[in-house]
Amino acid sequence: MVSCDGEDGMDGMNGVDGADGANGIDGIEGADGTDGIDGEGLTFFSTLSQISLGDGVPEISAYDANTQQVFSTNSDAAEVDVIDISDPGNPELMMAIDITAFGGNVNSVACKNGMLAIAVEAATATDNGSIVVFETTNLTTPMAQITAGALPDMVTFTPDGTYILAANEGEPNDEYTIDPIGSITVIEVETMTPTQVFFDSFNTNEEALEAEGFRVFGPGADLSTDVEPEYITVSSDSQTAFIALQENNGIAKLDIASKTITDIYPLGTKDYSEIAFDLSDEDGIIGNLQTWPVLSFYQPDAIDYFEIGGTGYIITANEGDARDYDGYSEEERGDDLTLDPTAYPDATSLQLPENLGRLKVTTANGDTDGDGDIDQIYGYGARSFSIWSTSGELLFDSGNEFTLMGLFDYGNYPENRSDDKGTEPEAVTTYSDGTDTFAIIGLERSGDVLVYNINDIFNPRFVQRLRNTSPEGLLVVSPEDSPNGRTLLIVSNEFPGNASLNIYYK
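Counting in the working numbering, the sequence shown runs without a single skipped number right up to 534 at its last residue.
Okay, here's the thing in structure tokens:
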């Protein structure tokens, strides 16, 4: 997942106190400063250790049980950092794999069966990138370097280890004169043979998908060119992959054996007239919750597949994202819009900075009658996590709970994010512990990692809050694979100057 790419950079994180972040990870702190939810017989995550990576930017990490090492992307240095956690209480940075020998930079890593797969973008990001595969016991010479699509942004193995999958985002150049086709690379591990999978067959369905909330809006682009695969999760039987198409506001379904995209599920919008949010950074009040005439696209970043009682589900972290390039930008502030006077008779008041004037909105959607003004205001991200069926039906959404939980109270969430995706749910993963299934959600801008019990998918229960700085990637190591026989949670924090891996155990 490429981040920090122009959405105010990391300026929105200014003022984060290091003592309250990396050095203050209280481990078992609940949303109200308590030890989480009492009386459920749960074992909470506790702080085990932290390793500082200085000015590096760790984003995505993978773990190899054979060598007891964590491999973490470091895009600032164009390398993969190798960290020994054989003693998880004292992690040690061992070496770095130089990515410039294989391309322009690193975006993602994954491990399986003693192999390390690295997603590497080309020196010119609009050219085809590659997946570089190493044996984890030999990090000097790769087993293979396999051609992928443009900007491979996420790589993963199927649970059975048969395939490596890469989501090739295909972002345009800054001038928007080159817009590579988004694609999925399916690599058969036994032969390291790749197949590139495209979305061409859905071009004829574009209008119907857009009517359900899917977005195709790049200048002159059809659907297959416009899609930007962001993240992949795979069913437990290794037969089906689900791909987040973040900017497009959808999830695609891949039949792995036939190497075919079989479905695209539009995710629709969240109605801010029905649920209260703080959408201004100039209203003078942190957490000023009000309802507003705004629809906001879910636009998940990380997604994960999990099962309850043999039924599969998808969980999403609804970050939101805009296209903002020199050659084309959809992004404006609310006070820049020309609002339809019939739809918004109170436009003058709405567009004040303390109301919707500061909200970041899109000009790519909302002119429903084509007369040049905005009939419906649209924003980015649902500021929540959601659970969906594997056919794209919304089953649960956390609403405005991240605001109601008091995440503003610790001084780590600056008011200047209210107009721009809030706490910014970035990462999500799930794991099972006995008869319980848990979800872990990383909130990039508030610096929080939240744990929920999701046994009841319609009523997830908040369990625990872990304080971090800027969580980008989440990794759970099972007891059978971990060095100390305990469940480990590894959080990659990408905050510049205070980057770290935080390790928790339970």
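C-beta: ideal position from N, C-alpha, C; glycine also.
This one's a predicted model, so the numbers in the text were calculated from it and none came from an experiment.
Length of the line joining the Cα atoms of residue i and residue j
{"i": "Arg514", "j": "Val322", "result": "45 angstroms"}
{"i": "Ile53", "j": "Val519", "result": "In this prediction, Ile53 scores a pLDDT of 31, lower than 50, which makes its location untrustworthy; the coordinate-derived value is nonetheless stated afterwards. Straight-line Cα distance between these residues: approximately 11 angstroms."}
{"i": "Gly409", "j": "Phe242", "result": "13 angstroms"}
{"i": "Phe227", "j": "Asp363", "result": "36 angstroms"}
{"i": "Val217", "j": "Ala194", "result": "13 angstroms"}
{"i": "Phe490", "j": "Asp403", "result": "37 angstroms"}
{"i": "Ala272", "j": "Glu258", "result": "5 angstroms"}
{"i": "Glu57", "j": "Gly475", "result": "Note that Glu57 has pLDDT 41, beneath the 50 cutoff, so the model's placement of it is unreliable and no number is given."}
{"i": "Gly427", "j": "Thr221", "result": "43 angstroms"}
{"i": "Asp181", "j": "Glu199", "result": "10 angstroms"}
{"i": "Asp484", "j": "Thr451", "result": "25 angstroms"}
{"i": "Ile336", "j": "Thr465", "result": "8 angstroms"}
{"i": "Ser528", "j": "Ser89", "result": "11 angstroms"}
{"i": "Ser23", "j": "Val214", "result": "As displayed, the chain neither begins before 29 nor continues past 534, which places residue 23 out of reach and without an answer."}
{"i": "Gly55", "j": "Leu516", "result": "With a pLDDT of only 36 at Gly55, under the threshold of 50, the placement of this residue in the model should not be trusted; the figure read from the coordinates follows. Near 12 angstroms, if we compare the C-alpha coordinates of Leu516 and Gly55."}
{"i": "Ile146", "j": "Ser417", "result": "30 angstroms"}
{"i": "Trp320", "j": "Ala304", "result": "7 angstroms"}
{"i": "Phe185", "j": "Val262", "result": "8 angstroms"}
{"i": "Asn156", "j": "Ala178", "result": "4 angstroms"}
{"i": "Leu423", "j": "Ser301", "result": "20 angstroms"}
{"i": "Thr168", "j": "Ser506", "result": "28 angstroms"}
{"i": "Asp188", "j": "Ser266", "result": "6 angstroms"}
{"i": "Asp447", "j": "Ala371", "result": "22 angstroms"}
{"i": "Tyr459", "j": "Asp509", "result": "14 angstroms"}
{"i": "Tyr438", "j": "Ile284", "result": "Low per-residue confidence applies at Tyr438: pLDDT is 46, beneath 50, and the placement is therefore not dependable, though the value from the model is reported in the following sentence. If I take the Cα positions, the gap works out to 45 angstroms."}
{"i": "Val134", "j": "Ala105", "result": "9 angstroms"}
{"i": "Ala59", "j": "Tyr91", "result": "Reliability of the predicted coordinates at Ala59 is poor, the pLDDT of 35 falling under 50, and the value obtained from them is presented with this limitation in mind. Approximately 29 angstroms, taken between the alpha carbons."}
{"i": "Leu387", "j": "Pro453", "result": "18 angstroms"}
{"i": "Pro488", "j": "Thr152", "result": "43 angstroms"}
{"i": "Leu384", "j": "Val98", "result": "44 angstroms"}
{"i": "Ser377", "j": "Val225", "result": "49 angstroms"}
{"i": "Pro373", "j": "Asp352", "result": "29 angstroms"}
Residues sharing a beta bridge with residue i, DSSP
{"i": "Trp320", "result": "DSSP lists no partner for Trp320."}
{"i": "Gly340", "result": "Glu335"}
{"i": "Val217", "result": "Beta-bridge pairing links Val217 to no other residue."}
{"i": "Lys287", "result": "Beta-bridge pairing links Lys287 to no other residue."}
{"i": "Pro507", "result": "Pro507 is not bridged to any residue."}
{"i": "Gln388", "result": "Looking at the sequence itself, residue 388 is Lys, so the reference to Gln does not match. Note: Lys388 sits in a beta bridge opposite Arg361."}
{"i": "Lys140", "result": "Met143"}
{"i": "Met123", "result": "Val110"}
{"i": "Ile212", "result": "Ala195, Val225"}
{"i": "Thr465", "result": "Ser460"}
{"i": "Asp92", "result": "Gln97"}
{"i": "Gly278", "result": "Leu273, Pro294"}
Contact check, residue i vs residue j, beta carbons under 8 angstroms
{"i": "Glu120", "j": "Gly131", "result": "no"}
{"i": "Phe270", "j": "Tyr191", "result": "no"}
{"i": "Glu421", "j": "Val389", "result": "no"}
{"i": "Ile415", "j": "Ile313", "result": "no"}
{"i": "Glu358", "j": "Phe245", "result": "yes"}
{"i": "Ile113", "j": "Gln96", "result": "yes"}
{"i": "Phe230", "j": "Ser211", "result": "no"}
{"i": "Ala129", "j": "Glu107", "result": "no"}
{"i": "Ala249", "j": "Asp207", "result": "yes"}
{"i": "Leu478", "j": "Phe73", "result": "no"}
{"i": "Ala345", "j": "Pro328", "result": "yes"}
{"i": "Lys281", "j": "Ile289", "result": "yes"}
{"i": "Gly355", "j": "Glu203", "result": "yes"}
{"i": "Gly394", "j": "Ser324", "result": "no"}
{"i": "Val85", "j": "Ala138", "result": "no"}
Candidates the options, of which the one nearest residue i by Cα
{"i": "Gln492", "options": "Tyr532, Thr463, Glu240", "result": "Tyr532"}
{"i": "Lys534", "options": "Asp352, Ser528, Val504", "result": "Val504"}
{"i": "Tyr326", "options": "Val225, Leu295, Thr232, Asp395", "result": "Leu295"}
{"i": "Asp109", "options": "Pro116, Gly117, Asp115, Ser100", "result": "Ser100"}
{"i": "Ala239", "options": "Ile206, Asn277, Thr223, Phe523", "result": "Asn277"}
{"i": "Glu347", "options": "Ser412, Ile212, Ala105, Thr339", "result": "Ser412"}
{"i": "Gly462", "options": "Ser77, Asp401, Asn481, Thr376", "result": "Asn481"}
{"i": "Glu310", "options": "Ala371, Ser377, Glu382", "result": "Glu382"}
{"i": "Asp306", "options": "Leu76, Tyr406, Asn94, Leu432", "result": "Leu432"}
{"i": "Glu197", "options": "Pro488, Glu522, Gln274, Thr396", "result": "Gln274"}
{"i": "Asn233", "options": "Tyr293, Asn521, Thr205, Thr154", "result": "Tyr293"}
{"i": "Asp126", "options": "Asn118, Gly117, Ser103, Ala138", "result": "Ser103"}
is_contact[residue i, chain B] using C-beta, thresh 8 angstroms
{"i": "Pro247", "result": "Among the chains of the structure shown, chain B does not appear; only one protein chain is present."}
- prompt: Below 8 angstroms, can you find three or more Cβ-Cβ pairs linking the region 462–478 to the region 491–502?
  reply: yes
**Asked** For the 8 angstroms Cβ check, are there 3 or more pairs between the region 146–162 and the region 172–188?
**Response** yes
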